[in-house]
Every structure is written in structure tokens, then in C-alpha cells.
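**Q** In this text, residue positions in the sequence shown follow this note's numbering: the first is 31, and each later residue adds one.
Just so you know, even glycine gets a beta-carbon here, dropped at the ideal spot from N, CA and C.
Mind looking over this structure? Questions follow.
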Amino acid sequence: MDEQTCVNESILNDDIREWQKKNRIDHMSYLPGMEVLKSDVEAQVTAAMNSYDYTKYTADDVRRALGHENRSPEDFAALLSPAALPLLEEVAQCARTETRKHFGNSVNMFTPVYIANYCENFCIYCGFNCHNKIRRAILSAEEIEREMEAVARSGLREVLILTGESRKHSDVEYIAGACMTARKYFKVVGLEVYPMNSDEYAYLHKCGADYVTVFQETYNSDKYESLHLSGHKRIFPYRLNAQERALRGGMRGVGFAALLGLDDFRKDAFATGMHAYLLQRKYPHAEIAFSCPRLRPIINNDKIGPMDVHEPQLLQTVCAYRLFMPFAGITISTRECARVRDHLVNIAATKISAGVSTAIGEHAGDTEAKGDGQFEISDMRSVEEVYNGLLGQKLQPVMQDYVYV
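Next comes the structure, spelled out in C-alpha cells:
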């Protein structure tokens, strides 16, 4: 993706460029206060991605992978290769069989709740980035309570709490308070916030958080450097090791994702899968999940798109994850339209969001959103509409997946 596709003058102008040149930091060097793990996972993921040559695989390699009961990283590599696209129907049928074997017809439902959109990072493709001219807002404790109450009235019992990446505006204690409020209404509480240290994850787990999702965006460190120009998010290895720190902090589960369309999606998807695979082997108790987001337009730039990641390539990626890690959860978000989401939950996805807003404070419904959203969503269906849509496909929508005794 070239820079002009990602940005416009609202986000990147001459003054910002000049500031960025003077304040640019090494994207591979940890900043003070960042926990450094003694772990070889990053090195293994990077080596696997760099050696992945998807052009060498043939249709025979793909069929061989489909025939295996337990699939190796080499099988995963073949399933993500261009050679798998002409066999996509076979791949999808095999993935569907694997999904039904381990998950039956059940599809978990949840909704994200954005509680703040202040951000310290300069990521040129993201609507929340610190230089984008949007309405910023942060919810008070009372407003968070109203949001959680409103979502709970829909019948959902799982929520994902999101913020922009700003420790100044939404510090760990603020997020902890949101977790404790959410726990009053929901059986499962997830977090998609800025990466933290192990002790901070332990604190949030104690306050009610069950799992952590982190989008690595791209695993290509050179491309990552060119897209993340300032802020803590610029530090590539700290972000990559976030899931392991979360598991060391006691989180029950961790989620992985690359933002498909930022770079070579096959290499990014392969690295995402290998990252999850290596951590699953290292922490066998961990619940592993994938998200499969494609790049979406943002406020002040409606030209952003996922390059060569069209619907067949998205389906291929989702199926490859399912066949490689059959017990992993796979989430398909409202970045995709209703038709695509309905198709994917019938094949390989096991989790779907509903009644979604990426704006700040819009769930309560008594006032308009306080702050602007992160990106455009495509599926505007309510919780009830998604629920009935799943029933219409003879799938079983699951509002509550855990009962604590």
C-alpha cells in the first residue's frame, strides 16, 4: 500500500512531517517502562514469515494438506498460497467439516463498547490517530455504566472494551474500572486496548477481564515502521509480545490479528497463524482466537481499502486458520457486510459481533455519540437481527458461553 492511499492532508501535512522527522524513534528499541520478555517467540515468527515462499506450492500440496487430520505449519503455508484459490470450494467444505466437529452449530455473539478515542499514536491508516481531526471523547464512570446497561438489555452476555491507545487519557486504572462495571452485567469481558506489561494485565484480570486481543497490524517490521510514525505503538517488538505478557498475567485467552491489506496479506496471515500456534504450544491452557479484519475507510479518508484482499482471499484466510488450528475461535467483524459475515459463520467463523458502533457513547441511545468512530462499519444489524439471521441458517446463536460456579 502506498502512502497516498493511506493518508490525506488532515492526517499528514508538511508541518506534521517536519515534527515527525525530529521526533522519530527506533521502532525496534523498547522505551522506558516497557517490559522485555525473555522469549524466542518473536524470533521464531519473524524467521517463519521471512522464509515463507508461497509461490512454491502446488495444487497437490494443497490437496495433501486437506487430507491430513492434524495439519502442520507446512500445510498451513500451502493452504494460504495462491495454489489454494482454485480449490477454494474444497478448502471451504473441509473447513466447515472441521468447524462442525469442534463447535457444532454454535456461534458466539458479543458487541464492542468503545469508551474512549484519544490516542497518542500516529498510525496513518487509523481513524483514531493523534493527528486526525475527529471529535475526541472519553466516557465517565456513569456513562460507562449506562453503556453496559444498554448492551446487557439486548441479551448479550459478552462485551469487548476498546479505547484509543492513550495511557494519559485512559490509564490502566480507568480501564480497570470499566472492567469492574462490565463484570456486573456480563459473563465474559474482553479487552482491545494498548499493550501493557504482565503485572498490568494481571491487575486487569483481577478486575474482571478474561481475554486480550491485539492487532499486530502487519508482521513486516519494515512496513510496520513506515505506517506507525510515532507513539508507543511504533515499538514493534513490544506489541508483538503483548499476547505472551497477557498470558503471563493470567488472562484466560488471547486474540491475534493482522489488518489484512496493509501489506502482503499471505505473509501477514501466515505470521499471525504461526504466532498463535507457537504460543498455544508454549501455553497449552490458553484459549486462542483469531480476528480477520480487512482495512476499512476512516474519517477524512474514504479511499482506504484492502488492496488485493477480496472476498475469495478473505475466505481462504479464514479457512486456513480453521484448518491449521481447529479449536481456535474465529471472529468476523462488522467491517464486513451482512452477506459476507453470514457466509463465513456458515463455514469457519465461530464468533460474530452485533449491534455495533465504533463511536464513543452511542449504545445508551439517549444522546448522540460523544466521539467519532474508528472506521466505517458495513453490517448495521441489531442484536436481534443477527440472532434471527443465525437461526435462519440453522445455526445456534450463543449469548452466554461461560457459567461460573
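By the 10 Å Cβ neighbour count, where 16 or more other Cβ atoms means buried, how is residue 285 classified, buried or exposed?
**A** buried
**Q** Any chance the stretch 117–135 sits against the stretch 146–161, with 3 or more Cβ pairs inside 8 angstroms?
**A** no
**Q** Between the Cα of residue 199 and those of 298, 60, 120 and 170, spot the shortest distance and give me the residue it belongs to.
**A** 170
**Q** I'd like the ranges of any beta strand (DSSP E) spanning at least 3 consecutive residues and lying wholly in the stretch 312–385.
**A** 317–321, 359–362 and 381–383
**Q** Taking C-beta to C-beta, are residue 322 and residue 347 nearer than 7 angstroms?
**A** Contact: yes.
**Q** Please return the same chain residues whose Cβ sits closer than 7 angstroms to the Cβ of residue 28, not counting the five positions on each side in sequence.
**A** Lying outside 31 to 435, the shown extent of the chain, residue 28 is not represented and no answer is given.
**Q** Distance check for residue 99 and residue 146, CA to CA, integer angstroms please.
**A** 44 angstroms
**Q** On the DSSP bridge assignment, give the partners of residue 428 in chain order.
**A** 138
**Q** Say whether chain C places a C-beta atom closer than 7 angstroms to the C-beta of residue 211.
**A** Among the chains in the structure shown there is no chain C, since it carries only a single protein chain.
**Q** Exposed or buried, residue 25, counting other C-beta atoms within 10 Å across all chains shown (16 or more means buried)?
**A** Any property of residue 25 remains undetermined from this structure, which presents the chain solely from 31 to 435.
**Q** Starting from the Cα of residue 139, find the closest Cα among 178, 122 and 187 and give me that residue.
**A** Nearest of 178, 122 and 187 to residue 139, Cα basis: 187.
**Q** Look at residue 294 and residue 249 and say whether their C-beta atoms are less than 7 angstroms apart.
**A** no
**Q** Tell me where the beta strand (DSSP E) around residue 241 begins and ends.
**A** Where residue 241 is concerned, the enclosing beta strand (DSSP E) stretches over 241–247.
**Q** Below 7 angstroms between beta carbons: does that hold for residue 425 and residue 135?
**A** Yes, the Cβ-Cβ distance between residue 425 and residue 135 is below 7 angstroms.
**Q** Could you check where the alpha helix (DSSP H) with residue 419 kicks off and where it finishes?
**A** 413–422
**Q** Using 8 angstroms as the Cβ pair cut-off and three pairs as the minimum, do the stretch 88–108 and the stretch 274–291 touch?
**A** no
**Q** For the stretch 255–306, which segments carrying the alpha helix (DSSP H) assignment without a break, of at least 4 residues, lie completely within its bounds, in sequence order?
**A** 266–270 and 272–278
**Q** Could you give the residue range of the beta strand (DSSP E) that holds residue 193?
**A** 188–193
**Q** If you count every other CB in all the chains shown that lies within 10 Å of the CB of residue 225, and 16 or more means buried, which is it?
**A** buried
**Q** Just the Cα atoms here: how many angstroms apart are residue 419 and residue 386?
**A** 16 angstroms
**Q** So is residue 427 buried or exposed if we call it buried at 16+ other beta carbons inside 10 Å?
**A** buried
**Q** Is the distance from the Cβ of residue 221 to the Cβ of residue 174 below 7 angstroms?
**A** no
**Q** What span of residues does the alpha helix (DSSP H) with residue 109 cover, start to end?
**A** 103–109
**Q** Taking the Cβ atom as the reference point for each residue, do residue 439 and residue 107 lie within a distance shorter than 7 angstroms?
**A** Nothing about residue 439 can be read from this structure; the chain reaches only from 31 to 435.
**Q** The beta strand (DSSP E) that contains residue 223, what's its start and end?
**A** Note, residue 223: premise wrong, no beta strand (DSSP E); not H, not E.
**Q** Using a Cβ-Cβ cut-off of 6 angstroms (strictly less than) and excluding sequence neighbours within five positions of residue 417, which residues of its own chain qualify?
**A** 427
**Q** Give the C-beta separation of residue 376 and residue 69 to the nearest angstrom, bearing in mind that I take them to be a contact with Cβ-Cβ under 8 angstroms.
**A** In fact, because the Cβ distance is near 37 angstroms, the residues do not count as touching under 8 angstroms.
**Q** What does DSSP give as the partner residue(s) for residue 143 in the beta ladder?
**A** 191
**Q** Nearest to residue 320 by CA position, among 343, 362 and 308, is which residue?
**A** Ranking 343, 362 and 308 by Cα distance to residue 320 puts 362 first.
**Q** With H, G and I counted as helix, E and B as strand and the rest as coil, what does DSSP make of residue 174?
**A** Taken through DSSP and simplified to helix, strand or coil, residue 174 comes out as helix.
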